[in-house]
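Structure first, then comments.
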Amino acid sequence: MKKLLLVLFALCTLVFAQKLPKTFDTEDQSWFIQDLGNFTWDKAMEACPSDWRLPANEDWQKLNDFLAANPNIQNEFRKNAKIKEKAASGIKASSGYWWSATESDNSKLANFQFLYDGYSDFYEGDAPKSDKLAVRCVK
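For the sequence shown, this note's numbering assigns the number 6 to the initial residue and increments by one for each residue that follows.
This is the structure we're talking about:
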């Protein structure tokens with residue numbers, strides 16, 4: 006009976022592990038290579054699986070530095086982004102937008118990170134927590 010339970014546990018663990026998005030490792034972190042989907046900020050704070058979390062601004066900065074030194078991984082990160090078209094100053098730009106776990110000084114807003122198509126650095130902004138932005142997880 007114990008062997009059967011161990012086999013079932015191992016199979017369940019294997020099946021669950023296969024459902025997690027692919028990951029890549031930086032010097033001291035692991036990141037999902039794909040977005041989980043678009044969520045409000047409150048839902049984004051709970052969206053990551055066990056042992057994973059929504060990255061804070063400091064995590065995004067570490068990732069920015071790592072990706073700058075590893076353009077192949079940066080291309081993969083961008084390729085798997087849920088890209089949105091957003092008009093800014095009358096110019097349409099394809100960009101990836103991801104929630105940060107860092108709240109803004111205004112409690113109704115939270116930080117997000119974004120990448121403009123054609124640029125390599127992340128940029129930071131604030132958005133209403135009710136907006137739906139993409140989620141990447143880190144551990």
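C-beta: ideal position from N, C-alpha, C; glycine also. Fair warning: this is a prediction, and the values are worked out from it, not measured in the lab.
Less than 8 Å between the CB atoms is what I'm expecting for residue i and residue j, so what's the real figure, rounded?
| i | j | result |
| --- | --- | --- |
| W57 | Q118 | That pair is no contact at about 17 Å. |
| I38 | F44 | Actually they are not in contact, since the Cβ atoms of I38 and F44 sit about 18 Å apart, beyond 8 Å. |
Comparing C-alpha positions only, which one of the options sits nearest to residue i?
| i | options | result |
| --- | --- | --- |
| S177 | D40, R141, W104 and F71 | In the structure as shown, the chain begins at 6 and stops at 144. Residue 177 is therefore absent and cannot be evaluated. |
| A73 | K137, Y124, S112 and V143 | Y124 |
| P26 | A49, P54, W46 and D47 | P54 |
| K67 | F127, T28, P76 and W46 | F127 |
| D110 | D47, A132 and M50 | A132 |
| L114 | Q79, W46 and R141 | W46 |
| K48 | A106, F29 and L120 | A106 |
| Y102 | T28, N77, K144 and G130 | G130 |
| L120 | S112, N80 and E108 | N80 |
| D40 | A52, A61, N69 and N62 | A52 |
In whole angstroms, what is the alpha-carbon distance linking residue i and residue j?
| i | j | result |
| --- | --- | --- |
| A139 | W36 | 14 Å |
| N116 | R83 | 19 Å |
| C142 | N75 | 19 Å |
| Q211 | N77 | No answer is possible for residue 211: it lies beyond the span of the chain, which begins at 6 and ends at 144. |
| E63 | N69 | 10 Å |
| K91 | K137 | Interpretation of K91 is limited by its pLDDT of 49, a score under 50 that renders its predicted location unreliable; the figure taken from the coordinates is listed afterwards. One C-alpha to the other measures close to 13 Å. |
| K144 | S112 | 25 Å |
| E32 | P60 | 15 Å |
| E108 | F71 | 24 Å |
For residue i, write down the residues that DSSP places opposite it in a beta bridge.
| i | result |
| --- | --- |
| G42 | Note: G42 sits in no beta bridge, so no partner. |
| N116 | D131 |
| S109 | Per DSSP, none; premise fails for S109. |
| A139 | N43 and W103 |
| T28 | F37 |
| R83 | In DSSP, R83 forms no bridge with anything. |
Verify the contact flag: residue i, CB atom, against every heavy atom of the ligand PLP, threshold strictly below 6 Å.
| i | result |
| --- | --- |
| S35 | Summarising the ligand content, the structure contains no ligands, and the ligand PLP is consequently not present. |
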